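Residue numbers (the numbering used here): 2 to 565.
Read through the structure below, which is laid out as structure tokens, and then see the notes.
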């Protein structure tokens with residue numbers, strides 16, 4: 002029993018070393034004379050010690066001395082695994098040390114550093130976050146680059162790795178993966194059930210709304226100024242060359258580190274069917290903010306007041322459009338019946354102006370859970386806690402339908418906040434999304450909704466962004482996953498454009514002819530012959546999905562909602 006325990010601890014300890022490469026960096030430790038000699042793996046009352054020089058010898062020459070050999074024997078490592086471990090020690094990670102120094106000196110990174118510093122301690126049990134960031138930045142600046150062995154050599158003092166916390170972290174990761182699979186499978190099951198209701202429809206005989214419409218359109222850029230907030234920004238507009246009475250209006254809200262131009266394909270698709278589309282810039286959370294951050298002009302990836310300013314941008318944009326409607330379009334735009342499309346942080350924005358309300362209690366709770374560190378979107382949302390925790394009301398009565406794609410919402414709104422909506426809601430999510438993970442941002446909200454006219458679309462392989470227009474380093478994150486294939490951006494656009502158009506036609510323009518496209522059977526039709534499929538369910542799926550969700554939460558409550 003003792004040997005089994007030691008063997009398991011040793012195996013986990015080996016993998017634990019690799020976690021060092023995922024931890025943030027921000028400052029250089031100036032005292033290069035002091036270096037770590039030992040790494041102690043603690044699983045009370047047991048303690049295993051590995052000398053850094055043993056790892057260095059192995060990394061440089063492939064030689065396994067007695068200290069490391071004993072350790073590898075306990076871990077049960079075979080020859081192939083041994084070589085893989087050596088490669089992991091010496092393979093450099095290509096990074097810009099200055100950029101990473103800036104990136105991970107942010108409030109978001111501080112949260113992660115603090116968490117990993119509780120796993121990797123200074124000998125004696127003190128949090129090792131400053132030690133870690135120092136070793137990483139020093140390694141990145143050295144000729145050998147950011148390698149695992151270089152990081153270990155640059156640790157200023159001996160460290161202890163808390164195996165119990167590593168085990169806990171591993172258990173949480175496994176729980177998240179399991180929850181993702183279970184919920185996605187249930188969505189697919191419910192989609193298959195609902196698709197039977199539309200088996201009598203021959204979609205091949207219906208107009209192909211994946212393709213652009215026949216209405217010619219124009220594009221231009223306008224500049225707007227909100228004097229009350231001293232906030233100037235531009236907006237891209239797409240509109241039919243010949244507007245007609247009650248031309249429908251859709252406003253598109255871009256995501257973090259993005260810009261209006263990134264959504265030109267969405268705008269063109271809608272404009273070709275007769276929509277007036279306006280896409281405002283959100284300064285403080287757009288690509289310009291990211292560029293300024295990279296150049297060192299600002300220390301924030303985004304300004305926390307964006308949780309307030311983004312919804313106000315939408316309202317101000319619509320106010321300005323009402324004025325332009327009279328002066329340029331002779332009142333032909335239907336500015337009192339507006340649809341909104343929001344992506345990621347823009348999904349948050351869309352929900353906010355649609356009437357979703359902040360759930361401060363939920364956000365405080367979620368931000369204090371260790372498992373929340375696995376949710377990149379929650380780390381973003383936790384910054385809202387620095388705002389005055391007031392009852393913000395961003396509802397704009399002109400918004401009549403919401404299409405939220407990969408929306409940031411699970412912590413700041415949650416089901417209670419989203420249930421405040423009084424307009425139809427379409428949620429689109431991707432199974433490969435690392436930025437707004439399906440299991441965190443959708444599976445914890447959607448099954449608890451109690452509002453009518455709710456749709457959920459799952460796109461297999463969708464990874465948050467259009468890979469032809471990548472933002473916020475998502476491509477680098479995805480590329481680290483081996484043996485991962487991705488769907489064509491063209492296919493994903495077809496999945497999105499068809500559902501987006503059908504949703505706005507039905508729930509904004511009251512066009513009954515588009516109802517068949519919002520059925521599960523149409524998603525099934527779109528997916529024929531495709532490796533990566535899409536599934537759509539309506540509010541009838543919520544009760545069975547809620548049951549699956551609640552059962553999983555009950556079974557794994559301690560893993561999810563406790564930190565020890």
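Each residue gets a CB set at the ideal place from its N, CA and C atoms; glycine is no exception.
Here the structure is a predicted model, which means the values were calculated and not measured.
- Classified as exposed, residue 125 has fewer than 16 neighbouring CB atoms from the shown chains inside 10 Å of its CB.
- Secondary structure note for residue 93: it is in no beta strand (DSSP E), with a DSSP letter that is neither H nor E.
- Per the C-alpha coordinates, the member of 177, 379, 287 positioned closest to residue 262 is 287.
- Residue 281 has 236 as its beta-bridge partners, per DSSP.
- Put simply, the region 345-355 touches the region 404-414. At least three CB pairs are less than 8 Å apart.
- In the three-state DSSP reduction, residue 405 falls in the strand class (E or B).
- The Cβ-Cβ distance between residue 89 and residue 149 falls below 9 Å.
- In the structure shown, residue 123 adopts extended strand secondary structure according to DSSP, grouped into three states.
- Distances from the alpha-carbon of residue 128 to those of 161, 441, 532 put 161 closest.
- Of the residues assessed, residue 314 falls on the buried side of the cut-off, its CB having 16 or more other CB atoms within 10 angstroms.
- Taking C-alpha positions only, residue 531 is separated from residue 284 by approximately 39 Å.
- For the beta strand (DSSP E) assignment, the uninterrupted runs of no fewer than 3 residues enclosed by the region 351-417 are, from N- to C-terminal side, 400-406.
- Rounded to whole angstroms, the Cβ separation of residue 184 and residue 309 is 32 Å, and the two are not in contact under 8 Å.
- A direct Cα-Cα distance of roughly 40 Å separates residue 320 from residue 534.
- Between the region 262-276 and the region 349-360, the count of Cβ pairs shorter than 8 Å is below three; the stretches do not touch.
- Classified as buried, residue 521 has 16 or more neighbouring CB atoms from the shown chains inside 10 Å of its CB.
- For residue 196, the number of other beta carbons within 10 angstroms of its own is at least 16, and it is reported as buried.
- DSSP, read as helix, strand or coil, puts residue 160 in strand.
- For residue 265, the uninterrupted alpha helix (DSSP H) run begins and ends at 265-272, by DSSP.
- It is roughly 18 Å from the alpha-carbon of residue 86 to the alpha-carbon of residue 167.
- Rounded to the nearest angstrom, the gap between the Cα atoms of residue 216 and residue 518 is 20 Å.
- Taken atom to atom, the span from the alpha-carbon of residue 293 to that of residue 260 is near 14 Å.
- Membership of residue 343 in any alpha helix (DSSP H) is not indicated; the residue belongs instead to the beta strand (DSSP E) covering 334-344.
- Ranked by Cα distance from residue 416, the first of 423, 439, 447 is 447.
- Annotation: residue 441 is outside any alpha helix (DSSP H) and is labelled neither H nor E by DSSP.
- Leaving aside the five residues that flank residue 455 on each side, the residues in its chain whose CB is nearer than 6 Å to its CB run, in chain order, 426, 540.
- Considered as a whole, the region 502-548 harbours 535-538 as its complete beta strand (DSSP E) runs of no fewer than 3 residues, in chain order.
- Under DSSP, residue 52 takes part in a beta bridge, and its partners are 39.
- Contact between the region 490-510 and the region 171-179 is absent: fewer than three C-beta pairs spanning the two stretches fall below 8 Å.
- Under the 10 Å beta carbon count, residue 423 is surrounded by fewer than 16 other beta carbons and is classified as exposed.
- Relative to the Cα of residue 257, the nearest Cα in the group 273, 305, 275 belongs to 305.
- Secondary structure at residue 318: helix, using DSSP grouped into helix, strand and coil.
- By the criterion of at least three beta-carbon pairs nearer than 8 Å, the region 377-386 is in contact with the region 430-445.
- The alpha-carbon of residue 432 is positioned some 43 Å away from that of residue 329.
- Residue pairing by DSSP puts residue 221 in a beta bridge opposite 238.
- For residue 303, the secondary structure class from DSSP, reduced to helix, strand or coil, is coil.
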